[in-house]
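Residue numbers (my numbering), protein chains in the order written: chain A, 1 to 283; chain B, 1001 to 1316. Idealized CB from N, CA, C, for every residue including glycine. Structure first, commentary second.
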Amino acid sequence: MTVEQLDVRKSAPGDGPDSVAGARRRYAQEVLALARRWWIELLRERLNLVFSLAQPAIWLVFFGAGVERAIDTEVIGTDDYIGFMLAGIVTFTIVGNGVSGAMPLLWDKETGYLDRLMSMPIARSSVIVSRFVFQVAQQSAQILLVVLVALALGVRIATGPLGLLVILLTAALLTMSVTAAFSALAYAVPQHGTFFAVAGFVSLPLLFMSNAFVPLDAMPVWMEVVARINPLTYAIEAMRTLVLDGWESRVAASLAVLGAAGAICLALGTWQFRKQTGERVRG
Amino acid sequence: MSPAIETAGLRKAFGEHVAIEGLDLTVERGDVFGLLGPNGAGKTTTIRMLTTLLAPDSGTARVCGFDVTAQPREVRRRIGYVMQRVAYRGLLTGRECVEIEAALYHLPRREIPLLAEAALDAVGMLPHADRRWTTYSGGMQKRLDLACGLLHSPEVLVLDEPSLGLDVQSRHNVWDFVSDRRLGGATILLATNYLDEADRLCNKIAIIDNGRVVVQGSPSELKKAVGADVVEVATREPERMRRVIETEPWVKKIVIGDLGDLHIFVEDATVALPAVMRMGLEHGIELEKVTYSQPSLDDVFLLHTGRELREVGVAS
């Protein structure tokens, strides 16, 4: 069979390029195709897959078992140190994923494949969005695994299975911020060396300047101020409340802040993408 | 129908460096159009503007009638772009690469497996479809890029130096692919700095140098404009041979070279060659050797730019 026998430019009726439904369907097709690419790569890298899936659970066990003894339960406000740590570990994972998740974008940029993608009739945002979709799927698996381990260690989620769903939603909202921010960084840097230098520099302070390990009340004032403007704090607050306390109004408030932060980071990411590909024509 | 590619007064500068200045090109539908020039002449910049990757500073560029800045989506839908650099595809198999790109061109989901096979088959990659990209040779990686470029039956296929860095066998594969026209009449824009490649594949050529089109036309037109064919005759009696043929209508000029060979400049060697042989025979002049050569595109380039394009010999 030769290519010209299959004229694919003629699309089916009701499928015209200008219909809204058609545009939405094409956007979904793009995002899924790109996500499939990320997915295949991950599955072929078995070691990467195993380590990245198991890492948060392993941290929880080692960190929880080791540090638990040294912790003043008065300070953290609960006897359940592992339950307290769970939200911090999940957030830790999200930041780590944000850094490693921007790597394929860096490679595409540096190997020139990004140009090939940009010469195709796809929406500019579908590259970043596909990355986001992929990350959320990957880390939902990580989170479920770490929660299973926590359950085995005796943690009980106060809000039950529904609370677990909201934890996944919280994680996804934070992922939006983190993925967009690191994608923006990936597009902004001249070379991958700068990316790793900056990413390595910001990741740990981002975690320490949050309530991942210490509650806000126990922090010095200056640190609390910094933690209050850190989106990680709100994700941890929401997840920790869902695990330890139950349905409280601060969960909704935290989710609202996370949503706003996600929108800002996404705008930032898109702006950087446009700026860095500014010589390219928009579309 | 609008021309496949039409640019007028196209300009692009990077800071102080003007890469493209006042570029006017017209590529008709069905042409295999060669963009010929040395490295740094502006070929890739031109291609990046035509493939909507780079916004022109001024001037217009239309592909299939659509403006590259105002209607980039329409342009992208209609072009296939094979980059100079092989696209890095990590751990995917050839088939997966093609299928994913087919989806990015929004081909109907159910037809994608079949279309992917057809595209892989067209470049002879079907037997290797399920191997990982990382195990492919450079030539195979290039052929996979070609398959991806023609997947959606583009109206215009843009090939940026398709045989750069390939071994002789792979280069011939690429050439066969282009000259076979398995593309169902698609227009091909081919950037190259190999003269023999342009000569062999293209029916029209534009020579660009320092960001401008220096001259354009068909390879034979361009060569004809340089001058005539040259017939070289080795004989012991060059002076007598000259007297015998110099009044013939097909002779434009005769020069006797340092080694005593006759260099006969003619309009058309295919007419001159048999005549030279027949007249030598008629007058009993023994001809030891008769050869002819055609002016090459190198001569064309030399004439219009004052420089030789050929820097490295091209194995073919």
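Restricting attention to I229(A), G154(A), L153(A) and I128(A), the CA atom closest to the CA of A180(A) is found in I128(A). In the same chain as F273(A), and ignoring 5 residues on each side of it, the C-beta atoms closer than 6 Å to its own belong to Y187, in chain order. Inclusion of S210(A) and A227(A) in the CB contact set at 8 Å is warranted, their separation being smaller than that value. With 16 or more neighbouring CB atoms inside 10 Å of its own CB, S1170(B) falls in the buried class.
Nearest to E1239(B) by alpha-carbon distance, out of P1249(B), L1222(B) and G1280(B), is G1280(B). The three-state secondary structure of F213(A), taken from DSSP, is coil. V136(A) has its alpha-carbon roughly 7 Å from the corresponding atom of T175(A).
Excluding sequence positions up to five before and after Q139(A), its CB lies within less than 7 Å of the CB of T93, I94, N97, A171 and T175, all in the same chain and listed in chain order. The continuous beta strand (DSSP E) containing V1027(B) extends over residues H1017 to V1027.
Residue state for G246(A) is assigned as coil, using DSSP reduced to three classes. Here L204(A) is exposed: its Cβ has fewer than 16 other Cβ atoms, across all protein chains shown, within 10 Å. Interface annotation, S19(A): not in contact with chain B, CB-CB separation never under 8 Å.
The alpha helix (DSSP H) runs lying completely inside the stretch 1146-1212 of chain B and spanning 4 residues or more are 1168-1180 and 1195-1201, given in chain order.
Within the model, the alpha-carbon separation for E1197(B) versus Q1084(B) is close to 15 Å. In this structure S254(A) is not in contact with A267(A), their Cβ atoms being roughly 20 Å apart against a cut-off of 8 Å. Bridge partners of R1011(B) according to DSSP: S1058(B). Secondary structure note for I1112(B): its alpha helix (DSSP H) is the uninterrupted segment I1112 to A1122. The beta carbon of T111(A) sits closer than 8 Å to some beta carbon of chain B. CA-CA distance, S100(A) to D1130(B), rounds to 28 Å.
Taking each of G163(A), M219(A), L206(A) and R131(A) in turn and checking the Cα distance to S183(A), the smallest one comes out for R131(A). The beta carbon of M120(A) falls within 8 Å of a beta carbon belonging to chain B, placing the residue at that interface.
Here the C-alpha atom of K275(A) lies approximately 13 Å from the C-alpha atom of L1054(B).
Using a 10 angstroms sphere on the CB of Q1141(B), the tally of other CB atoms reaches 16 or more, which defines it as buried. Going by C-alpha positions, A70(A) is about 23 Å away from V147(A). Counting only residues of its own chain and dropping the five nearest sequence neighbours on each side, D245(A) has a CB closer than 8 Å to the CB of A158. The beta carbon of E1101(B) lies closer than 8 Å to those of C1148 and L1151 in the same chain, with the five residues before and after it left out. Using beta-carbon distances, M1279(B) does not count as an interface residue toward chain A, since no partner is under 8 Å. For the options L1035(B), T1026(B), L1025(B) and L1107(B), the alpha carbon positioned closest to that of D1160(B) is the one of L1035(B).
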